[in-house]
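Report on one structure; see the data block that follows.
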Amino acid sequence: MTTITILGDEATTASGQWVDGHPLIEPDALSAAIGWTLKPEGLCRDDMCVPVRDRSAIEVGDKVNLAVAAEALDRPTLVDPDAGAVVLGQPNATRRAALLDRQAPEFTLADLNGVDRRLSDYAGKKRLLVAFSSW
Amino acid sequence: MHDELADDGFGVIAVAIDEAIEEVRVLAEGITYPVLMDPDHLLTELYAISNVPAVVWIDQHGRIARPNAYEFGSDLLTEFTGRTCGAHFDQIREWVHSDALPEDAGSSIPDLSEEEVAARLHFRLAAHLRRAGDEAGAARHFDAAAQLAPLDFTVVRAAMPLRGESPFGEEFFKILEKFEAAGSPFHGIDPAQNTA
């Protein structure tokens, strides 16, 4: 068993192992990492389940392949066994909803005092979202 | 803008696509609206942002009223960028007071390519590895990111200070030359067509 770094909405770790370059983690760690649980009917969250096409790719022994699970949920992934890390992108559908249906994606980010703020904290107002940088 | 229209149901939210919190603090001095840190560049993925500044108008229902546009909050860089902020401010006032939107608000913005998405993941891993002290691993992923999205400033220019390079140095001007030769691609309303 080793520690796998997971960079998703935030950085977390899960105990698991690398097998042939695949990140295998405990089923419990899957829900902690991505908020979905592997059940007989597929990947589930609340009342919703997404069917899993290739069960043998996602379920390996008593472990779950994190990258395959994330991809089944439309999250782009980057796997680097040398770095012991898996990067989980935001669901592609969220960005497409922004670009095609004009739904502003929700986000949570810390302010300069380290306090988490959400876009929806300012719901009910017209908002100018300004992305800037020091570089 | 924020203070002028604060009583009219309007607010600014600034997000630094950046991990240099002390530099951002300097830029944010005197600012009364929230300034958030996005060291992992989540917004560049969620909103398909490729350069800064990028502004998005979001209405009271959480809908995007005007997508990514290249607009500045001051005229400090006008000489360099050729852009002034006055027209944009006037458009915001009209929108806040009468819901009127500029012509370019309906512009459709294409999705990121698979390469552009992958570049963002490589950048995120590189930034993480650098913070963890793995310079070699960071360099490998910064390079991979730059190969996948060589003209995306949130990928290549943002990496410069993290790689010990100056974002205003020789290397940047090489990238800028290529960027301009490619027509200065901006993921959003084409700055050349911008009606502001």
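So the sequences go chain by chain: U and V. Residue numbering for the first sequence follows this note's numbering, starting at 318 and increasing by one per position. Residue numbering for the second sequence follows this note's numbering, starting at 241 and increasing by one per position. Beta carbons are placed, not taken as given, at the ideal position from N, Cα and C, and that holds for glycine.
Cβ contact annotation for U/S332 (same chain, cutoff 8 Å, sequence separation greater than five): M318, T319, T320, I321, I342, E343, A346, in chain order. When C-alpha distances from U/E376 are compared across U/L355, U/L324, U/Q334, U/G401, the shortest belongs to U/L355.
Counting C-beta pairs closer than 8 Å gives three or more between the segment 299-309 of chain V and the segment 415-427 of chain U, which meets the contact rule. The beta carbon of V/A256 lies closer than 6 Å to those of V264, M277 in the same chain, with the five residues before and after it left out. Around the Cβ of U/K443, a 10 Å sphere holds 16 or more other Cβ atoms; the residue is buried. Per DSSP, U/L360 is not a residue of any alpha helix (DSSP H); the beta strand (DSSP E) it occupies stretches across 359-362.
Beta-bridge pairing by DSSP links U/F449 to V/A256.
Between V/W297 and V/L286, the alpha-carbon positions lie close to 15 Å from each other. V/H242 places its beta carbon less than 8 Å from that of V/T272.
About 17 Å separates the beta carbon of V/P401 from that of V/A268, a gap too long to meet the 8 Å contact definition. For a Cβ distance threshold of 7 Å, residue set D428, R434 of chain U lies close to V/P274, ordered along the chain. Within chain V, not a single residue places a beta-carbon under 7 Å from that of U/K380; the smallest gap is close to 22 Å. Under the three-state reduction of DSSP output, V/I349 falls in the coil class, being neither helix nor strand.
Looking only at U/A402, U/R412, U/L426, the smallest Cα-Cα distance to V/S353 is reached by U/R412.
Spatial neighbours of U/W335 in its own chain (CB-CB distance under 8 Å, excluding positions within 5 residues in sequence) are listed in chain order as T319, I321, L341, P398, G401.
Residue range 380-382 is occupied by the beta strand (DSSP E) that includes U/N382. Of the residues assessed, U/V432 falls on the exposed side of the cut-off, its CB having fewer than 16 other CB atoms within 10 angstroms. Just so you know, the alpha carbons of U/M365 and U/A386 end up roughly 15 Å apart. For U/H339, the secondary structure class from DSSP, reduced to helix, strand or coil, is strand. Out of V/L388, V/H328, V/L416, V/V395, the CA that lies nearest to the CA of U/L445 is found in V/H328. Note on U/S451: 16 or more other CB atoms within 10 angstroms of its CB, so buried under the neighbour-count rule. With the criterion set as a beta carbon lying under 9 Å from some beta carbon of chain U, the members of the segment 350-364 of chain V are P350, D351, L352, E354, V357, A358, R360, L361, H362, R364, in sequence order.
Here the alpha carbons of U/D428 and V/P274 stand approximately 7 Å from one another. Taking the Cα positions, U/W353 is about 41 Å away from V/F419. Taking all protein chains shown into account, U/L417 has fewer than 16 neighbouring C-beta atoms within 10 Å of its C-beta and is therefore exposed. Contact of U/Q334 with chain V is not assigned, every C-beta pair being separated by 8 Å or more. Here U/P344 carries a helix assignment [DSSP, helix/strand/coil].
The beta carbon of V/I429 is closer than 6 Å to those of A309, D344, S347 in its chain, skipping five residues each way along the sequence. Only buried fits V/E356, as 16 or more other CB atoms lie within 10 angstroms of its CB. Excluding the 5 residues flanking it on each side, V/I332 has same chain C-beta neighbours closer than 8 Å at M241, L245, F250, W297, in chain order.
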